[in-house]
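S.K.: Residue numbers (our numbering): 147 to 656.
Where is the CB? At the ideal position from N, CA and C, for every residue including glycine.
Every value quoted in this text rests on a predicted model; they were computed, and no experiment measured them.
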Amino acid sequence: MRLRFAPSPTGALHIGGVRTALYNYLLAKKHGGTFILRIEDTDQNRYVPGAEEYIKEALNWCGLNPTEGPGIGGDHGPYRQSERKDLYKKYADQLLAEGKAYIAFDTPEDLEAMRERMKAANIFPQQYNSRSRMDMKNSLTLPKEEVDARIAAGEKYTLRLKIPADETVVIQDKIRGEVRFNTNELDDKVIMKGDGMPTYHLANIVDDHLMEITHVIRGEEWLPSTAHHVLMYRFFGWEDTMPAFAHLPLILKPNGKGKLSKRDGAKLGIPVFPLSWEDPKPEDSFKGFREFGFDPKAVINFLAFLGWNPGTEQEIFNIEELSEAFSLERIAKAGARFDFDKSKWFNQQYIIATPDEELADKIAPLLEARGYQKDKAYLTTFAGLMKERVVFLTDFPEEGYYFFESPVTFDEKTIRKRYKLENKGKFLDLVALLKGEVSFDASSLENFVKEFIEKNGLKFGEVFPIIRIAISGTTKGPSLFEMMNLLGKDEVIRRLEYALPVFEEKLVSQ
Ligand code: GLU
Numbered sequence: 147m148r149l150r151f152a153p154s155p156t157g158a159l160h161i162g163g164v165r166t167a168l169y170n171y172l173l174a175k176k177h178g179g180t181f182i183l184r185i186e187d188t189d190q191n192r193y194v195p196g197a198e199e200y201i202k203e204a205l206n207w208c209g210l211n212p213t214e215g216p217g218i219g220g221d222h223g224p225y226r227q228s229e230r231k232d233l234y235k236k237y238a239d240q241l242l243a244e245g246k247a248y249i250a251f252d253t254p255e256d257l258e259a260m261r262e263r264m265k266a267a268n269i270f271p272q273q274y275n276s277r278s279r280m281d282m283k284n285s286l287t288l289p290k291e292e293v294d295a296r297i298a299a300g301e302k303y304t305l306r307l308k309i310p311a312d313e314t315v316v317i318q319d320k321i322r323g324e325v326r327f328n329t330n331e332l333d334d335k336v337i338m339k340g341d342g343m344p345t346y347h348l349a350n351i352v353d354d355h356l357m358e359i360t361h362v363i364r365g366e367e368w369l370p371s372t373a374h375h376v377l378m379y380r381f382f383g384w385e386d387t388m389p390a391f392a393h394l395p396l397i398l399k400p401n402g403k404g405k406l407s408k409r410d411g412a413k414l415g416i417p418v419f420p421l422s423w424e425d426p427k428p429e430d431s432f433k434g435f436r437e438f439g440f441d442p443k444a445v446i447n448f449l450a451f452l453g454w455n456p457g458t459e460q461e462i463f464n465i466e467e468l469s470e471a472f473s474l475e476r477i478a479k480a481g482a483r484f485d486f487d488k489s490k491w492f493n494q495q496y497i498i499a500t501p502d503e504e505l506a507d508k509i510a511p512l513l514e515a516r517g518y519q520k521d522k523a524y525l526t527t528f529a530g531l532m533k534e535r536v537v538f539l540t541d542f543p544e545e546g547y548y549f550f551e552s553p554v555t556f557d558e559k560t561i562r563k564r565y566k567l568e569n570k571g572k573f574l575d576l577v578a579l580l581k582g583e584v585s586f587d588a589s590s591l592e593n594f595v596k597e598f599i600e601k602n603g604l605k606f607g608e609v610f611p612i613i614r615i616a617i618s619g620t621t622k623g624p625s626l627f628e629m630m631n632l633l634g635k636d637e638v639i640r641r642l643e644y645a646l647p648v649f650e651e652k653l654v655s656q
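1) The alpha helix (DSSP H) with residue 531 in it runs from where to where?
2) Report whether the distance from the Cβ of residue 153 to the nearest heavy atom of ligand 1 is below 6 angstroms.
3) Can we say the segment 572-579 touches the segment 470-481, given the rule of at least three CB pairs closer than 8 angstroms?
4) Spell out the partners DSSP gives residue 248 in its beta bridges.
5) Can you find the residues in the same chain that come closer than 8 angstroms, C-beta to C-beta, to residue 144, ignoring five residues on each side of it along the sequence?
6) When the distance is taken between beta carbons, is residue 615 closer than 7 angstroms to residue 557?
7) Suppose the cutoff is 7 angstroms on Cβ atoms and the five residues either side in sequence are ignored; what does the same chain contact list for residue 320 look like?
8) For chain C, is any of its Cβ atoms less than 7 angstroms away from the one on residue 193?
9) By the 10 Å Cβ neighbour count, where 16 or more other Cβ atoms means buried, how is residue 212 classified, buried or exposed?
10) Could you spell out the range, first to last residue, of the alpha helix (DSSP H) harbouring residue 448?
11) Within the same chain, show all residues whose beta-carbon is closer than 8 angstroms to that of residue 170, passing over the 5 residues directly before and after it, in chain order.
12) Using DSSP with H/G/I as helix, E/B as strand and the rest coil, what is residue 561?
13) Pick out whichever of 237, 327, 398 has its Cα sitting closest to the Cα of residue 309.
14) So does residue 364 have its beta carbon nearer than 6 angstroms to some heavy atom of ligand 1?
15) With a threshold of 6 angstroms (Cβ to nearest heavy atom), would residue 470 be considered close to ligand 1?
16) May I have a chain-ordered list of the beta strand (DSSP E) segments no shorter than 3 residues that lie completely inside the segment 589-656?
17) Note the first and the last residue of the continuous alpha helix (DSSP H) segment covering residue 260.
18) Can you find the residues in the same chain that come closer than 6 angstroms, C-beta to C-beta, to residue 445, ignoring five residues on each side of it along the sequence?
19) Below 8 angstroms CB to CB, which residues in the same chain sit around residue 374 once its five sequence neighbours on both sides are set aside?
20) On the DSSP bridge list, what partners appear for residue 319?
21) Helix or strand or just coil, what does DSSP make of residue 170?
22) Would you kindly work out how many angstroms separate the C-alpha atoms of residue 243 and residue 226, rounded to a whole number?
23) To the nearest angstrom, report how far apart residue 186 and residue 208 are at their CA atoms.
24) Which of the three DSSP states is assigned to residue 428 in this structure?
25) With distances taken from CA atoms, which of 153, 157, 179, 178 is nearest residue 167?
26) Identify whether residue 361 lies in helix, strand or coil by the three-state DSSP scheme.
27) Are the beta-carbon atoms of residue 160 and residue 419 separated by less than 7 angstroms?
28) For ligand 1, is there any heavy atom lying closer than 6 angstroms to the beta carbon of residue 186?
29) Would the beta-carbon of residue 384 be found less than 6 angstroms away from any heavy atom of ligand 1?
30) Of all the options 330, 299, 565, which has the alpha carbon lying nearest to the alpha carbon of residue 312?
31) Inspect the beta-carbon positions of residue 397 and residue 270 and report whether they are closer than 7 angstroms.
32) With three or more C-beta pairs closer than 8 angstroms as the rule, is the segment 584-591 touching the segment 512-519?
33) Would the beta-carbon of residue 411 fall within 7 angstroms of that of residue 432?
34) For residue 351, which residues in the same chain have their Cβ closer than 6 angstroms to its Cβ, ignoring the five residues on either side in sequence?
35) Could you tell me which uninterrupted alpha helix (DSSP H) segments, each at least 4 residues in length, are contained entirely in the segment 466-544, listed from first to last along the chain?
36) Going along the chain, which residues of its own chain have a beta-carbon closer than 6 angstroms to the beta-carbon of residue 260, five neighbours each way excluded?
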């Protein structure tokens, strides 16, 4: 099996494109096939510098590395269509010679006039097709001498496919099932432009054929063109080796209303691209999943489920497991809602599943950047205590800063509610006792504090939150005693001695 991902370098690769690449990759891997990258850059007007590099970097970050492609090599190269220009001409000439394509000289004004004429006559669709072509300036209507003379005079022309009238083209789509097209609704697509460059349609079919592609998995927006593609396979006599088609469902906005767009990212403050993109126009720049702090494995897992499911309860899959479980049959027809919270959930699951030691290595540079330095053992315990409470690696220094410096703010509301002035003496006693021979391992500490509370007729709810806030500033966080154990006796006592009078002031100042 040979599958290709064939993006056009017209800008950054959005997340829908990455999903297309992923599904091609998974099916290729599942069957021991080949995953190919082909750059479809025949439309010079839409070419965006840096886009090809972006695509490659994004695939690489996601771990979707092609076995054939530009800069990688392979027996079916070159893999950049702009480098295959001469090759397409031969095939265009063949269609022309066999009367399956024709030369057209029409100007934009001619085309506009044609649409107006059809509109006035109430003819739908208003396009260059079997109904209108005989009223146009082309090699079907002009005498051969005139066609030759125009070409000799250097006049620009296009080649158009001659779509037969009154036929039904039937496609067996792997996801949608049977799809039928009436050829009267298809236009005579341009296959070669005035500049001698092929259009997407010609280049795509010729390349899929020459590159021996067996399966085409692509976005739903290409379904209408597939009828033209099937006709071209027929025109070339390549029907026997025509690839199987699978058109993927749309990715919908988080609210489920309409297609997820490039602008939704900026509007909703969520990533809809794998990597950030710096654009000369600032409004076209955006932050990617990578820069949001996502683990590419989590992004892949999330994307796999955008339109596909394994039919079981299992949600966490690595890429090998995905390729084993994957099948076109389990891809949904309906659009898939892009749920950013779900992508965060996946990231969280990947962090939780990462061994503490490994996490420690990953977060060490983020902590160092903030001037926090602790040994590996400390970071490992810290990682273990915090990992259930974060979504991104960057949350570790953010949410757990108090493991590296004294808290900078205290949860005043809770202090007002829970700290009773009459307990002041008891708190001082507790601090004095903690200074003594108390073991700071978490469970001894817990027993010790609980006993103290009971002996002194206090309530858990008026002691635990106060100690916790004194140490971390907040009531949220990992186990209090694990936290005290990691911070160590001296630090805990220092923080309590600093905080308790501050709490008192806050109450007195009320
Ligand atoms: N170049 C097309 C794109 O940008 C490829 C579509 C296809 O896979 O045939 O999506």
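M.R.: Reading from the atomic positions:
1) Your numbering for residue 531 matches position 385 in the sequence shown. Taken as a continuous stretch (DSSP letters only), the alpha helix (DSSP H) holding residue 531 covers 522-532.
2) Here residue 153 refers to the residue found at position 7 when the sequence shown is read from its first residue. Answer for residue 153: yes, Cβ within range of ligand 1.
3) no
4) Within the sequence shown, numbered from 1, the residue matching residue 248 stands at position 102. Paired residues: 306.
5) Beyond the ends of the chain as shown, which are 147 and 656, falls residue 144; an answer cannot be given.
6) Taking the sequence shown and counting its residues from 1, the one referred to as residue 557 is at position 411. Taking the sequence shown and counting its residues from 1, the one referred to as residue 615 is at position 469. Taking 7 angstroms as the Cβ cut-off, residue 557 and residue 615 qualify as a contacting pair.
7) The residue given as residue 320 occupies position 174 in the sequence shown. Closer than 7 angstroms at the Cβ level, and outside the excluded window around residue 320, lie 390, 391, 392, 474.
8) Although the question refers to chain C, the structure presented lacks it and comprises just one protein chain.
9) To locate residue 212, count along the sequence shown from 1; it is residue 66. It counts as buried.
10) In the sequence shown, residue 448 corresponds to position 302, counting from 1. From DSSP, the alpha helix (DSSP H) with residue 448 extends over 442-450.
11) Taking the sequence shown and counting its residues from 1, one reaches residue 170 at position 24. Within the same chain, residue 170 has close Cβ partners 149, 150, 151, 181, 361, 363.
12) Stepping through the sequence shown from its first residue, residue 561 is reached at position 415. Of the three classes helix, strand and coil, the one that applies to residue 561 here is helix, per DSSP.
13) Taking the sequence shown and counting its residues from 1, the one referred to as residue 309 is at position 163. With distances taken between Cα atoms, residue 309 lies closest to 327.
14) Indexing the sequence shown from 1 puts residue 364 at position 218. Yes, Cβ of residue 364 sits closer than 6 angstroms to a heavy atom of ligand 1.
15) By 1-based counting over the sequence shown, the position of residue 470 is 324. The answer is no for residue 470.
16) DSSP runs (the beta strand (DSSP E)) wholly in the segment 589-656: none.
17) Here residue 260 corresponds to residue number 114 of the sequence shown, with the count starting at 1. Where residue 260 is concerned, the enclosing alpha helix (DSSP H) stretches over 254-266.
18) In the sequence shown, the residue the question calls residue 445 occupies position 299. Cβ within range, chain order: 435.
19) In the sequence shown, residue 374 corresponds to position 228, counting from 1. Counting only Cβ-Cβ distances below 8 angstroms, and skipping sequence neighbours, we find 307, 309, 332, 335, 347.
20) Along the sequence shown, one-based indexing puts residue 319 at 173. Paired residue(s): 323, 391.
21) Stepping through the sequence shown from its first residue, residue 170 is reached at position 24. If DSSP states are grouped into helix, strand and coil, residue 170 belongs with the helices.
22) Within the sequence shown, the letter at position 97 stands for residue 243. Within the sequence shown, the letter at position 80 stands for residue 226. If you take the alpha carbons of residue 243 and residue 226, they lie about 27 angstroms apart.
23) Along the sequence shown, one-based indexing puts residue 186 at 40. Along the sequence shown, one-based indexing puts residue 208 at 62. Those two C-alpha atoms are separated by around 21 angstroms.
24) In the sequence shown, counting from the first residue as 1, residue 428 sits at position 282. Looking at residue 428 - three-state DSSP - the assignment turns out to be helix.
25) The count along the sequence shown starts at 1 and reaches residue 167 at position 21. It is 153 whose Cα lies nearest to the Cα of residue 167.
26) Your numbering for residue 361 matches position 215 in the sequence shown. Three-state result, residue 361: strand.
27) The count along the sequence shown starts at 1 and reaches residue 160 at position 14. The count along the sequence shown starts at 1 and reaches residue 419 at position 273. For residue 160 and residue 419, yes; Cβs fall inside 7 angstroms.
28) Against the sequence shown, residue 186 aligns to sequence position 40. Residue 186 Cβ: within cutoff of ligand 1.
29) Here residue 384 refers to the residue found at position 238 when the sequence shown is read from its first residue. No, since every heavy atom of ligand 1 falls outside the 6 angstroms radius drawn around the Cβ of residue 384.
30) Position 166 of the sequence shown, counting from 1, holds the residue named residue 312. For residue 312, the nearest C-alpha among the options comes from 330.
31) Start at 1 with the first residue of the sequence shown, and residue 397 comes out as number 251. Start at 1 with the first residue of the sequence shown, and residue 270 comes out as number 124. In this structure, residue 270 does not lie closer than 7 angstroms to residue 397 by Cβ.
32) no
33) Locating residue 411 in the sequence shown gives position 265, counting from the first residue. Locating residue 432 in the sequence shown gives position 286, counting from the first residue. Yes, these two residues count as a Cβ contact at 7 angstroms.
34) Here residue 351 corresponds to residue number 205 of the sequence shown, with the count starting at 1. In chain order, 375, 378 place their CB closer than 6 angstroms to the CB of residue 351, counting only its own chain and leaving out the 5 sequence neighbours on each side.
35) 486-499, 502-514, 522-532
36) Here residue 260 refers to the residue found at position 114 when the sequence shown is read from its first residue. Leaving aside the five residues that flank residue 260 on each side, the residues in its chain whose CB is nearer than 6 angstroms to its CB run, in chain order, 278.
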